[in-house]
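For the protein sequence lines, the chains are S and W, in the order given.
For the first sequence, the residue numbers in this note's numbering are 179 to 292.
For the second sequence, the residue numbers in this note's numbering are 104 to 216.
Single-structure report; data block below.
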Amino acid sequence: AQTVTQSQPEMSVQEAETVTLSCTYDTSESDYYLFWYKQPPSRQMILVIRQEAYKQQNATENRFSVNFQKAAKSFSLKISDSQLGDAAMYFCAYCTSGTYKYIFGTGTRLKVLA
Amino acid sequence: GAGVSQSPSNKVTEKGKDVELRCDPISGHTALYWYRQSLGQGLEFLIYFQGNSAPDKSGLPSDRFSAERTGGSVSTLTIQRTQQEDSAVYLCASSLTSENEQFFGPGTRLTVL
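Below, the structure is given as C-alpha cells:
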C-alpha cells in the first residue's frame, strides 16, 4: 500500500524568506503523480503544484517549486519570497497513474512571520 | 464556472441524530469524491462516484455512513446515529474524469455533541 509522510507538523518562515516543506512517500508503482495542496483557514483545498513521476524536470509555479527525487521517494516543496498569504496547511498527496485515489500526508502548518 | 460547493458550512448535532451533507460538483465533472479530515490528520478517503454509481465505497468507516449521487451531479453523504468520533470536516471533490485533477469544496464542519 502507498503511504505519504510529512514529518514537519509545523514550520515558520520570515516574510520574504525561503522555506522548504518535506514529503516522502512509499510506492512500488513506477508511474504516478505527486501534488502539493494548500489549505488556508477557509478550508478550501487549492492545488499548488503537480509533478508527474515520469518527468525528470522539477515542476515550478511562480514562487513555488519542488525537488523531486524519485529514487529517494522524496518530494519537497520550496516557497521563495514567502508572503503572509502563504500561511496555511500544506498537504502532500500521491496518486497512482490511471487511478483516482489520492493518498494524503498529515500536513504541515506553515506560519509566515511579518 | 462555479467551483465545488458544499452545504451546510457547519453542522452541530446531538449524538444519535442523523445528518445529511450535500455536495454540488463542478458542472460536467463525472467523478466525485468524499473525504474526511479529522483534527491533526490528513484527508481520509471515504467514497468515489463515477456518474451515479459508487465503484469504491471502501473508505466508509461503518454501515452508519452512506452516500448517493443523483443525476450525475449532486451527492449527499448521510451519517446515521452520529457519534462523537464522527466530528470532523467532510470534504467533497470532483474531477472531469477519474484521472484528472480533483477540485475541492470548502467542506462541512460536523460537530457531534
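We put the CB at the ideal spot given by N, CA and C, even for glycine.
Only a predicted model underlies this, so the values are computations on that prediction, with no experimental measurement involved.
Restricted to the segment 241-269 of chain S, the beta strand (DSSP E) segments that are unbroken, complete and at least 3 residues in length are 242-247 and 252-257, listed in chain order.
In the displayed model, residue 230 of chain S falls within a strand according to three-state DSSP.
The Cβ neighbour count for residue 145 of chain W, taken over all protein chains shown within 10 Å, is at least 16; the residue is labelled buried. Those residues of the segment 173-205 of chain W placed with their C-beta closer than 8 Å to a C-beta in chain S are 192, 194, 196, 198, 201, 202, 204 and 205, ordered along the chain. A direct Cα-to-Cα measurement between residue 132 of chain W and residue 237 of chain S gives close to 26 Å.
Across the set W/183, W/179 and W/168, the C-alpha of W/179 shows the shortest separation from the C-alpha of residue 196 of chain W. At a cut-off of 7 Å between C-beta atoms, residue 109 of chain W does not count as an interface residue with respect to chain S. Between the segment 265-272 of chain S and the segment 240-248 of chain S there are fewer than three C-beta pairs closer than 8 Å, too few to call the two in contact.
Within the model, the alpha-carbon separation for residue 200 of chain W versus residue 137 of chain W is close to 15 Å.
Using a CB distance below 9 Å, the part of the segment 116-145 of chain W facing chain S consists of 134, 136, 138, 140, 143, 144 and 145, ordered along the chain.
The C-alpha of residue 223 of chain S is placed about 17 Å away from the C-alpha of residue 125 of chain W.
Residue contact check for residue 209 of chain W against chain S: a CB pair falls below 7 Å.
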